[in-house]
Every structure is written in C-alpha cells, then in structure tokens.
Amino acid sequence: MKTSLVLACATVGFGLAAATTQDAPETTNNPVGVVYKAEFPDRDSTDIRGTVSATAHSSGRGVVFEFDLTGFDEENGPFPYHIHVDPVPANGSCTATLDHLDPFGRGQKPPCDTPNPETCEPGDLSGKHGKIDVSGDEHFMAKYHELYVATQQGLGTFFGNRSIVIHAKNGTRLTCANFALVDHSGCSTGTMPRPTGTGVMSTRIPTGTGIGGGHMPMVSATYTPTATPSSLPDQSNGAGRLAGFSLGAIMAALVPLAL
C-alpha cells in the first residue's frame, strides 16, 4: 500500500512538471514605436558601461535589440547576459533581480539549444544569440531580432518593467540595469505593472556562439520561425508556483493514507 502511494505521488509530480513546461511562442502584436532602454550605471566593481535598446519589430513580431557596451576585461569572459524577472532596486543590488525571465518553466538545465530558440528561456538572450566575447578596448556592438520576448504589456514575456544582468563566465553578476520606456508613441495608456512571478535561480551559464565586437551587424535569426499561433499559451510567470501548490496539496492528502 505504501509503495503504491509513493509511486502515485512520484507519477503526479512528474506529470505536473511536464504540464508546466512548454516551448515559448513567438510574440506578435508588439506595439510599433515603443522603445525601451537599459543603461548600465557607474560601479566601482566593474568597468562595464553602455546601453541596450529594444524596440518592437516593424511588423509587430518580436523585438529588435541593439547593444553598445564597453569595459569588458580578459579574465571574466565570455560574458553571458539575461533578462531577469525583477527590476534592480534603489540600492543597485543585482542579486535582487532574482531569476531569468522564464514564464514557461523551462529552467536552465540542459543549456539553451541555440538552433531551437523557442525551447530556451525567453530571458536567456545570450543562450540564443551568443555571449559577449570581447575584451580590453574592444567595443561590443550588436543588433538582432529576438522573437520570444515582448513589448506588449500583460504577457509573461513582457520585459519593459524588468532588468538585464551581465554575468562573468563563472556566473557572478557583474552589473545590471532596468529597462525604462523612452518612446511610447505606440504604447497604450495606463501605468506599467510591476513584474510578478518567478523563474529559475541561476545554476549554470548558458551556452551560445560569441558575437564579434567592433562592428554592428544585423544578426538575423538563424532558424526558421514557426507559424504565428492562433492563440498564445498562457504566459503567466506563476505556472511553477501553481504546480508546486497542486503537488503539495496532493501529497498532503496522500501521506496520511501511507501511515
């Protein structure tokens, strides 16, 4: 009897985990003309400075990111970077930004499969597009079209009220900055909500081919985009917590029967 109940609990747990993990859909209907920008502040602990700009693609499908960064040393690279769930607080703590943006419960293991970006965490930009692989006086400038994050408020993949974090190759958080709205010509009215939900705590460094510095290529997607879905899956960042609650409730109900 006890063995059967234990196996039943394990089966339910695996089923819930699988049910809350899914590929990321391409984002569509992003408001054209809306621009967000993150500017890395002066920090005594690092020389990294610069900006990241992001605007909806002219088609409304996905987001175009532009990077203009300097101050990378030779010891700590290549440098992974990600969109994180929470904004940087007033005290500048990069740890307080919590997890990578991961509303579909993908997690960080196994590492991002670069040729299949829809299977990666939406916030794992370097996993999909390459780590920052420059050092010394080299200038990191890059531009690419990212299909799996959004400037459309209300989606779990919306990043306009979140942050971007640059890591050393060992995972240390070197610097971070908040995205802020700088052009809202296509933005709907209303206040910007504070991000909710959690992702997965950083336990590994995402892989990806480094992007060369010193020039600004337009890096087009190296994959064939999927067709626009007729209905987007739920992008709530609370999926993992719902699964945890459900599993906990089931376990609590079954444990007395095993005694």
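Residue numbers -19 to -1, 1 to 240, in mature numbering (1 follows the signal peptide of the UniProt record, and there is no 0), belong to the letters of the sequence shown in order.
C-beta: ideal position from N, C-alpha, C; glycine also.
For S107, does the count of other Cβ atoms within 10 angstroms reach 16, so buried, or fall short, so exposed?
buried
Which residues in the same chain have their Cβ closer than 8 Å to the Cβ of Y62, if we skip the five residues on either side of it in sequence?
L106, S107, K112, I113, I145, V146, I147, H148
Is R143 near C75, with beta carbons less than 8 Å apart?
no
Can you name the start and end residues of the alpha helix (DSSP H) that L155 belongs to?
Run containing L155: none in the alpha helix (DSSP H); it sits in the beta strand (DSSP E), 154 to 165.
Taking C-beta to C-beta, are P98 and K90 nearer than 8 Å?
no
Across which residues does DSSP place T51 in a beta bridge pair?
R30
So for A149, helix, strand or coil by DSSP?
coil
Which residues in the same chain as T138 place their Cβ atom closer than 8 Å to its Cβ, once the five residues preceding and following it in sequence are excluded?
A5, T8, L82, P84, P103, Y129, V130, A131, Q216
So what does E127 bridge to, in DSSP terms?
V44
Quick check: the Cα distance between P68 and A77, rounded to an integer number of angstroms?
8 Å
Reducing DSSP to helix, strand and coil, say where A5 ends up.
coil
Counting only the same chain and skipping the five closest in sequence on each side, list residues whose C-beta sits under 7 Å from that of E20.
T32, A158
Environment of E56 [buried if 16+ CB atoms lie within 10 Å]:
exposed
By DSSP, does H63 sit in helix, in strand, or in coil?
strand
Taking the Cβ atom as the reference point for each residue, do A10 and G41 lie within a distance shorter than 8 Å?
The question names Ala, but residue 10 in the sequence shown is Asn. Result yes, Cβ atoms of N10 and G41 sit closer than 8 Å.
Applying the 10 Å Cβ sphere with the 16-neighbour rule, what's the burial state of H196?
Legend: pLDDT at H196 = 36, less than 50; position of this residue unreliable, no value from coordinates given.
Using only alpha-carbon positions, find the residue among T156, F160, H165, D164 that is nearest to G52.
T156
Look at the alpha carbon of G117 and the alpha carbon of P92, and state the distance between them as a whole number of angstroms.
28 Å
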